[in-house]
Amino acid sequence: MSWRTSARVILLDEAGAVLLFCGSDPALADAPRWWFTVGGAVEAGEELAAAAAREVGEETGLRVAAADLVGPLWRRQAVFEFDGSVIRSQELFFVYRTTRFEPTMGGHTALERRTIHGYRWCDGTVIHEPVARGETVYPLQLGELLDRAAVLADGPTRPAGPTVQIR
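Here the working numbering runs 924 ahead of the position in the sequence shown, where the first position is 1.
Here's what the structure looks like:
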């Protein structure tokens, strides 16, 4: 089992929709699809917010400053199988507000190119459509978190205190 810490970003557009990627496990021929936020593993010696900003740039082409990210606000722990390995992950979530844009996939790794099938901006109502098709959206509470994420992204002050555990 491998362990990793991941920096994830709830990337919101001006209307409050979140950017989600659609993916599947490249090691499984008929793998179910799931939807997930921007983000990935923190590299050795890397600051958490710097990792989040780097992942936004690599996965979408949008350049953001680590200091402009709000968070980490939430944390999620998960154990899952992916690409033939079992991974135990602690995911820490930031929020960032931007103008809606078309992500570029040029910074994706070879594994991401095999894993990610597309993207979609989803608001609180649309986010339930993949679930109705039998696809999972991670984090599981994302639909419930969007309004709070928007408030925090637009707030005049940065929230302080411990991160909140989510599913």
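Backbone N, C-alpha and C fix where the C-beta goes; we use that ideal spot for every residue, glycine too. From a predicted model like this one, the values you see are computed outputs, not experimental measurements.
{"Asked": "Selected residue, minimal CA-CA separation from residue 982, among 973, 950, 963", "Found": "963"}
{"Asked": "Span separating the alpha-carbon of residue 946 from that of residue 1080", "Found": "32 Å"}
{"Asked": "Neighbour-count burial assignment, residue 927, 16 or more Cβ in a 10 Å radius", "Found": "exposed"}
{"Asked": "CA-to-CA distance, residue 925 to residue 1008, given in whole angstroms", "Found": "11 Å"}
{"Asked": "Closer than 7 Å: residue 939 CB and nearest the ligand ZN heavy atom", "Found": "The ligand content of the structure shown is nil, which means the ligand ZN is not present either."}
{"Asked": "Closest by C-alpha distance to residue 1050, when choosing among 929, 941, 934", "Found": "941"}
{"Asked": "Endpoints, the beta strand (DSSP E) within which residue 929 is located", "Found": "926 to 936"}
{"Asked": "C-alpha gap between residue 1060 and residue 959, whole angstroms", "Found": "6 Å"}
{"Asked": "C-alpha gap between residue 961 and residue 1037, whole angstroms", "Found": "16 Å"}
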